[in-house]
Ligand SMILES: [Zn+2]
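Numbering (my numbering), first residue to last: 545 to 850.
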């Protein structure tokens, strides 16, 4: 007959495995890019859920009730900030009833606070009638691997604070990710710098490429949207076409989730190209953030170097 202590000893590995699994840190990230960074830095110690899909406009994510479950059990919420999620995240946060992840809490990480140099910070009074104006600056910094490197470091520190037993692992992985991203950013910047200035002029659909333009040393000559989030008027579209012709800008860039018709028409009339870019890291394809950053640069280089 088996002695009681022996059966306990035999059961111990199972008990320990159970304890380890339940001790994993639950991370929820609003955007797939932030989720990708958390997955890489958190490793086997974390479970990560992304609320938005890379094919969804991050300004307008459907706050469906299924998003409440991961939020309710989250130890850490990583959001973009700068009002990007203002239209959909606040009601979810209230309904999730999770004290850990409320603004200012130990499990609330606003990635924009980790990005030191925000672009397009408006001066003076803000008028909401101007469309989606962001008083803290342009919120679309996750397209830029240099800013993502800063977020990676901050994310590593926060995970270390939440789960001190694995602090060294989080910090080491964060430094590795940040180092890799800075390397990619530097190499791509040098590659684009070798192109003549005339080839580095672009038009954007939504004003969400300002950090990429800063990273790769490009020039934004026009924006198809007259006001962010509002369909452009025919008069504005005609003005964009005129600017494209005058400045010799051939390439229009936009994320996969924006309407394409106006950009397609403009690129045809200007004898140019439309590049429909990934909206973020495609986690379902097993991509890392670095993959997304390289892909962004590669897609732009392919068109601009023609
Ligand atoms: Zn925007």
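Yeah, the Cβ is synthetic: ideal placement off N, Cα and C, and Gly gets one too.
Buried versus exposed call for residue i [16 or more other C-beta atoms within 10 Å across all chains shown]
i: residue 774; result: exposed
i: residue 641; result: exposed
i: residue 812; result: exposed
i: residue 825; result: buried
i: residue 828; result: exposed
i: residue 694; result: buried
i: residue 686; result: buried
i: residue 660; result: exposed
i: residue 565; result: At residue 565 the pLDDT is 46, less than 50, meaning the model places this residue with poor confidence; the figure from the coordinates comes in the next sentence. Residue 565 comes out exposed.
i: residue 849; result: exposed
i: residue 706; result: buried
i: residue 609; result: exposed
i: residue 738; result: exposed
i: residue 742; result: exposed
i: residue 734; result: exposed
i: residue 766; result: buried
i: residue 816; result: buried
Close-in-space but distant-in-sequence residues of the same chain around residue i (CB under 7 Å, 5 per side omitted)
i: residue 681; result: 626, 662, 663, 664 and 665
i: residue 806; result: 768, 776 and 781
i: residue 654; result: 623 and 625
i: residue 785; result: 810, 813 and 814
i: residue 598; result: 576, 822, 823, 824, 825 and 826
i: residue 729; result: 689, 690 and 759
i: residue 635; result: 607
Near ligand 1: residue i beta-carbon under 8 Å from a heavy atom
i: residue 751; result: yes
i: residue 682; result: yes
i: residue 603; result: yes
i: residue 772; result: yes
i: residue 835; result: no
i: residue 739; result: no
i: residue 780; result: no
i: residue 578; result: no
i: residue 826; result: no
i: residue 678; result: yes
i: residue 628; result: yes
Own chain residues within Cβ distance below 6 Å of residue i, not counting five before or after
i: residue 841; result: 732
i: residue 602; result: 575, 596 and 628
i: residue 583; result: 592
i: residue 830; result: none
i: residue 700; result: 585, 714, 715 and 718
i: residue 684; result: 752
Residue i versus the options, residue with shortest Cα-Cα distance
i: residue 843; options: 799, 789, 777 and 651; result: 799
i: residue 747; options: 791, 835, 796 and 832; result: 796
i: residue 758; options: 695, 711, 749 and 690; result: 690
i: residue 613; options: 605, 649 and 572; result: 572
i: residue 789; options: 771, 745 and 568; result: 745
i: residue 616; options: 580, 630, 644 and 585; result: 644
i: residue 667; options: 679, 658 and 657; result: 679
i: residue 724; options: 590, 753 and 692; result: 692
i: residue 587; options: 720, 649 and 604; result: 720
i: residue 569; options: 581, 632 and 589; result: 589
i: residue 792; options: 771, 764 and 708; result: 764
i: residue 702; options: 845, 650, 604 and 726; result: 650
i: residue 833; options: 711, 778 and 722; result: 722
i: residue 656; options: 696, 756 and 837; result: 696
Close-in-space but distant-in-sequence residues of the same chain around residue i (CB under 8 Å, 5 per side omitted)
i: residue 646; result: 637 and 652
i: residue 802; result: 601, 749 and 750
i: residue 632; result: 604, 605, 606 and 607
Can you list the alpha helix (DSSP H) stretches of 4 or more residues lying completely in the segment 752–783, in chain order?
The segment 752–783 contains these whole alpha helix (DSSP H) runs: 754–760.
Could I get the ranges of all uninterrupted alpha helix (DSSP H) runs contained in the segment 675–714, with 4 residues as the minimum, in chain order?
If you keep only unbroken alpha helix (DSSP H) runs of at least 4 residues inside the segment 675–714, you get 689–706.
Which complete beta strand (DSSP E) runs does the segment 566–633 hold, if anything under 3 residues is left out?
Fully enclosed beta strand (DSSP E) runs of 3 or longer: 569–573, 590–594 and 620–623.
Mind pulling the alpha helix (DSSP H) runs of 4 or more residues that sit fully within the segment 726–752?
Complete alpha helix (DSSP H) runs here, min 4: none at all.
Could I get the ranges of all uninterrupted beta strand (DSSP E) runs contained in the segment 773–843, with 3 residues as the minimum, in chain order?
Entirely contained in the segment 773–843, the beta strand (DSSP E) runs reaching 3 residues are, in chain order, 795–799 and 817–821.
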